[in-house]
Amino acid sequence: MFATANATAQKSALAADGRMALPKDIFAAIETLKKDLNAVVLAHYYQAPDIQDIADYIGDSLGLSQQAASTEADVIVFAGVHFMAETAKILNPHKLVLLPDLAAGCSLADSCLPDDFAKFKAQHPDHIVISYINCTADIKAMSDIICTSSNAVQLVNQLPTDQKIIFAPDRNLGRYVMAQTGRDMVLWQGSCIVHETFSEKKLLQLKINHPTAEIIAHPECEQPVLRHASYIGSTTALLNYVAASPSNSFIVATEPGIIHQMEKQMPTKRFIPAPPEANCACNECPYMRLNTLEKLYWAMKHKTPEITIAPEIGSAALAPIQRMLEMSAR
Ligand code: 13P
Ligand code: SF4
């Protein structure tokens, strides 16, 4: 549905412009558009290097939400996936929020549909719902607290020990949080197509070839991969860890987009992407990679495609996001 809407919106925007040619210096053109629109470009670490290089802020999902909550810009250009841009719109219902390609979804968000989730909730009536930010606005609206990979443990630890919890939609992050907090939680069985692609066998082979490299991993990875990691954390946490670590080489078990910032900030260290099971590029998030610098330029030039959310869903989804922002600051 997003793909069709996006293609139509972009085609009509291009037709209205009367030409398809890109400016000679697309970086300069985007900088000019930022000033003209009073726009801020927020990018996730999984975006292509050129998008990261043009962004005003690059971060993990929590950092991006905090930036979206505090920005004074009139227009937010979100270089990430749909649920991230949607979160920015929920926090800024009266601002224009652009996503270069509306088809940039997320397998985790897609795994949790509102009708199914309503039935799941009904089976556990005395539980509160903590949802990972990787879910749609509809699911956020049905949740009590939103979390990200960087604050999930911290937030669960703030709840009374006898509080029963549903955790959705990522079962791998949920299992990791249970192990870290010693809490039992009812898990929605979703997962990320990128993080479940890493192969334990190939990881161990790589480690034999690079015996001094530290394995670091995102908590969306499955347990057979996580158990070999010397550090587990969100994309920002992984970046901070490699900066502080005395090691000179790392095997990175998350989407390889993060390696661009690691190499930029630590040019003397070596970062090796963890291998997927098949001989494919399936460790790259196909949704994140739908955004391109060209699409970002066209989105700003034509102020489309924009994120829209029904007001009643937006206001119901805002409360659990605000709860997350308050609890993260404690
Ligand atoms: P972060 O919390 O590190 O931004 O993770 C987001 C994500 O989509 C990981 O797949
Ligand atoms: Fe979703 Fe996985 Fe892509 Fe993150 S990496 S946006 S969880 S599909």
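The sequence shown begins at 1413 in my numbering and counts up by one.
In this text, a Cβ means the ideal position worked out from N, Cα and C, and glycines have one as well.
Remember, predicted model here, so these are calculated numbers, not experimental data.
Applying the 10 Å Cβ sphere with the 16-neighbour rule, what's the burial state of residue i?
i, result
"Glu-1667", "buried"
"Asn-1621", "exposed"
"Glu-1632", "buried"
"Cys-1692", "exposed"
"Thr-1499", "buried"
"Ala-1580", "buried"
For residue i, which beta-bridge partners are listed by DSSP?
i, result
"Ser-1473", "According to DSSP, which records beta bridges pairwise, Ser-1473 is partnered with nothing at all."
"Ser-1543", "Ile-1558, Ala-1580"
"Tyr-1643", "Ile-1628"
"Leu-1454", "Tyr-1469, Phe-1490"
"Ser-1661", "Arg-1682"
"Val-1598", "Ile-1578"
"Pro-1688", "Phe-1610"
"Val-1637", "According to DSSP, Val-1637 bridges with nothing at all."
Taking the alpha carbon of residue i as the point to measure from, which residue in the options has its own alpha carbon closest?
i, options, result
"Glu-1484", "Ala-1690, Lys-1446, Ile-1620", "Lys-1446"
"Gly-1517", "Lys-1715, Thr-1720, Pro-1732, Pro-1698", "Pro-1698"
"Lys-1552", "Ala-1731, Lys-1614, Phe-1439, Glu-1738", "Ala-1731"
"Gly-1586", "Asn-1660, Ala-1656, Cys-1559, Ala-1722", "Cys-1559"
"Leu-1520", "His-1506, Asp-1513, Tyr-1544", "Tyr-1544"
"Ala-1451", "Leu-1708, Ala-1591, Asp-1574, Phe-1495", "Leu-1708"
"Gln-1479", "Leu-1503, Pro-1461, Ile-1463", "Leu-1503"
"Ser-1561", "Ile-1578, Ala-1649, Pro-1526", "Ala-1649"
"Ala-1728", "Ala-1549, Ala-1534, Asp-1486, Val-1453", "Ala-1549"
"Pro-1723", "His-1506, Asn-1703, His-1607", "His-1506"
Under 7 Å Cβ to Cβ from residue i, same chain only, skipping five residues before and after it: list those, please.
i, result
"Thr-1609", "Pro-1688, Glu-1689, Cys-1694, Asn-1695"
"Ser-1657", "Glu-1626"
Keeping to the same chain, check which residues put their C-beta closer than 8 Å to that of residue i; ignore five residues upstream and five downstream.
i, result
"Leu-1651", "Tyr-1457, Ile-1670, Gln-1673, Met-1674, Gln-1677"
"Tyr-1653", "Ile-1628, Tyr-1643, Gly-1645"
"Leu-1615", "Ile-1627, Val-1637, His-1640, Ile-1663, Ala-1665, Ala-1686, Pro-1687"
"Leu-1567", "Ile-1542, Ile-1557, Cys-1559, Met-1736, Met-1739, Ser-1740"
Which same chain residues, not among the five before or five after residue i, have their C-beta less than 6 Å away from its C-beta?
i, result
"Leu-1510", "Val-1489, Ala-1711, Glu-1718"
Say the cut is 7 Å; is the CB of residue i nearer than that to a heavy atom of the ligand SAH?
i, result
"Ser-1727", "Judged by which ligands are present, the ligand SAH is missing from the structure shown, whose ligands are the ligand 13P and the ligand SF4."
**Item:** Residues near the ligand SF4, criterion Cβ-heavy atom distance below 7 Å
**Value:** Tyr-1458, Val-1493, Cys-1518, Ser-1519, Leu-1520, Ala-1521, Asn-1546, Cys-1604, Ile-1605, Val-1606, His-1607, Glu-1632, Glu-1667, Cys-1697, Tyr-1699, Met-1700
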